[in-house]
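Down below is the structure, laid out as structure tokens.
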Amino acid sequence: ETGVTQTPRHLVMGMTNKKSLKCEQHLGHNAMYWYKQSAKKPLELMFVYNFKEQTENNSVPSRFSPECPNSSHLFLHLHTLQPEDSALYLCASSQMYRGAGELFFGEGSRLTVL
Amino acid sequence: QKEVEQNSGPLSVPEGAIASLNCTYSDRGSQSFFWYRQYSGKSPELIMFIYSNGDKEDGRFTAQLNKASQYVSLLIRDSQPSDSATYLCAGFNDYKLSFGAGTTVTVRA
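Chains as they are written, first to last, in the working numbering: chain U, 230 to 343; chain L, 518 to 626.
The following block contains the structure:
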């Protein structure tokens with residue numbers, strides 16, 4: 230395995246379901262991110278984990294719950310979502326140091342909330 | 518105010534022409550800037566980054582940065598149909614990238 234892998238690639242869930250998105254990076258990076266991408270809108274940063282510590286939470290609703298058990302794995306737990314949460318959820322990783330910021334993205338998890 | 522703004526497009530150019538993409542940013546603390554390309558249904562992939570004023574060239578791509586004007590641009594020379602994609606501009610500050618909404622480019626054969 231190389232790069233950043235995300236599972237599942239596609240997910241359809243009802244508003245009362247509980248599901249999780251998984252991300253794994255094989256690049257030895259120390260930071261991982263969740264972004265949301267909706268049509269015609271900029272990528273929205275949701276969560277940042279730097280050395281496993283959450284350093285950013287951009288006012289994301291509590292129905293999204295991140296978990297970072299180690300520097301290689303990142304989860305996004307989903308519960309009681311709304312139809313407007315349907316989007317592409319992208320995981321990314323980087324080697325965080327001052328003055329740089331190249332992100333390596335996974336292929337994304339396409340979420341549809343019915 | 519959006520942190521990063523891009524010309525909305527879409528931009529249509531003939532094959533072999535130059536495609537010019539523009540981006541402005543509001544955060545003067547932004548330290549470096551990135552151009553990502555995203556094909557439909559795919560995740561973004563890095564084209565190039567720039568952190569010093571002036572031009573940076575990589576093959577058919579040239580990034581330009583003017584920190585005084587808070588302006589970043591990307592030129593694609595000799596555009597090819599395979600360059601048809603959405604191009605995302607992003608500014609890096611401290612520990613996060615802030616993205617623009619993207620400009621969709623179509624190269625006509």
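We treat Cβ as the ideally placed atom computed from N, Cα and C, and that holds for glycine.
Exercise for the section: Using three-state DSSP, classify E313 (chain U) as helix, strand or coil. Expected result: Counting from one through the first sequence, the residue named residue 313 (chain U) turns up at place 84. Three-state result, E313 (chain U): helix.
Problem - Nearest-angstrom beta carbon gap, Q283 (chain U) and L317 (chain U) [assumed within contact, 8 Å] - result: In the first sequence, the residue the question calls residue 317 (chain U) occupies position 88. In the first sequence, the residue the question calls residue 283 (chain U) occupies position 54. Contact between L317 (chain U) and Q283 (chain U) fails: their C-beta atoms lie close to 22 Å from each other, not under 8 Å.
Exercise for the section: Report the neighbours of G335 (chain U) on chain L: residues whose CB is nearer than 8 Å to its CB, in chain order. Expected result: Looking up residue 335 (chain U) in the first sequence gives position 106. Residues of chain L with a Cβ closer than 8 Å to the Cβ of G335 (chain U) are, in chain order, S560.
Practice task
Excluding the 5 residues preceding and the 5 following G571 (chain L) in the sequence, name in chain order all residues of the same chain whose CB lies nearer than 8 Å to its CB.
Solution key: As a working note, residue 571 (chain L) is residue 54 in the second sequence. Around G571 (chain L): Q581 and L582.
Practice task
Please go through the same chain and pick out, in chain order, the residues whose beta-carbon is closer than 7 Å to the beta-carbon of P237 (chain U), but skip the five residues on each side of it.
Solution key: Sequence index remark: in the first sequence, residue 237 (chain U) carries index 8 (1-based). If we look at P237 (chain U) and ignore the five residues flanking it on each side, its Cβ neighbours are S338.
Exercise for the section: Please confirm if T236 (chain U) has its CB atom under 8 Å from at least one CB of chain L. Expected result: As a working mapping, residue 236 (chain U) is identified with position 7 in the first sequence. Chain L contact via Cβ: absent.
Problem - Same chain, Cβ closer than 6 Å to D600 (chain L), neighbours up to 5 away in sequence not counted - result: Counting from one through the second sequence, the residue named residue 600 (chain L) turns up at place 83. Same-chain partners within the cutoff: I593 and V624.
Practice task
Using beta-carbon positions only, say whether V241 (chain U) and A321 (chain U) come within less than 8 Å of one another.
Solution key: Here residue 241 (chain U) is taken as the residue at index 12 of the first sequence, counted from 1. Here residue 321 (chain U) is taken as the residue at index 92 of the first sequence, counted from 1. Not closer than 8 Å, so no.
Problem - Residues of the segment 267-286 of chain U whose Cβ lies closer than 9 Å to any Cβ of chain L, in chain order - result: For the segment 267-286 of chain U, the set of positions with a beta-carbon nearer than 9 Å to some beta-carbon of chain L reads K269, K270, P271, L272, E273, L274, V277, N279, T284 and E285 in chain order.
Handout entry: Counted within 10 angstroms of its Cβ, other Cβ atoms place G253 (chain U) as buried (16 or more) or exposed
Key = The count along the first sequence starts at 1 and reaches residue 253 (chain U) at position 24. The sequence shown places Glu at residue 253 (chain U), not Gly. E253 (chain U) is classed as buried because its beta carbon has at least 16 other beta carbons within 10 Å across all chains shown.
Problem - 7 Å Cβ cut-off: residues of chain L touching L332 (chain U) - result: Residue 332 (chain U) sits at position 103 when you count from the first residue of the first sequence. Residues of chain L passing the Cβ test: L614.
Problem - Residues near Q548 (chain L) by beta carbon distance below 7 Å, same chain, minus five either side - result: Here residue 548 (chain L) is taken as the residue at index 31 of the second sequence, counted from 1. Same-chain partners within the cutoff: Y568, F609 and N610.
Handout entry: Pairwise C-alpha distance: R545 (chain L) and S590 (chain L)
Key = Residue mapping note: residue 590 (chain L) aligns to position 73 of the second sequence, counting from 1. Residue mapping note: residue 545 (chain L) aligns to position 28 of the second sequence, counting from 1. Inter-residue distance for S590 (chain L) and R545 (chain L) is about 16 Å (C-alpha atoms, whole angstroms).
Handout entry: Straight-line gap, S615 (chain L) to A607 (chain L) (C-alpha atoms, nearest Å)
Key = Working through the second sequence from its first residue, we reach residue 615 (chain L) at position 98. Working through the second sequence from its first residue, we reach residue 607 (chain L) at position 90. Looking at the backbone, the Cα of S615 (chain L) and that of A607 (chain L) are separated by about 5 Å.
Handout entry: K247 (chain U) to H308 (chain U) span [Cα, whole Å]
Key = Within the first sequence, residue 247 (chain U) is the residue found at index 18, counting from 1. Within the first sequence, residue 308 (chain U) is the residue found at index 79, counting from 1. So the two alpha carbons sit approximately 4 Å from each other.
Practice task
State yes or no: is the beta carbon of G526 (chain L) nearer than 8 Å to at least one beta carbon in chain U?
Solution key: As a first step, residue 526 (chain L) is located in the second sequence; it is residue number 9 there, counting from the start. So, not an interface residue.
Handout entry: Residue-chain proximity (L319 (chain U), chain L), Cβ-Cβ < 8 Å
Key = Residue mapping note: residue 319 (chain U) aligns to position 90 of the first sequence, counting from 1. Interface annotation, L319 (chain U): in contact with chain L, CB-CB separation under 8 Å.
Problem - For S599 (chain L), the three-state DSSP class (helix, strand or coil) - result: Translated into positions along the second sequence, residue 599 (chain L) becomes position 82. S599 (chain L) falls in the helix class under three-state DSSP.
Practice task
Under 9 Å between beta-carbons, which chain C residues line up against M325 (chain U)? List them in chain order, please.
Solution key: Absent from the structure: chain C. Protein chains present are U and L.
Problem - Close-in-space but distant-in-sequence residues of the same chain around S525 (chain L) (CB under 6 Å, 5 per side omitted) - result: For the purposes of this step, residue 525 (chain L) is identified with residue 8 of the second sequence, where counting begins at 1. Same-chain partners within the cutoff: there are none.
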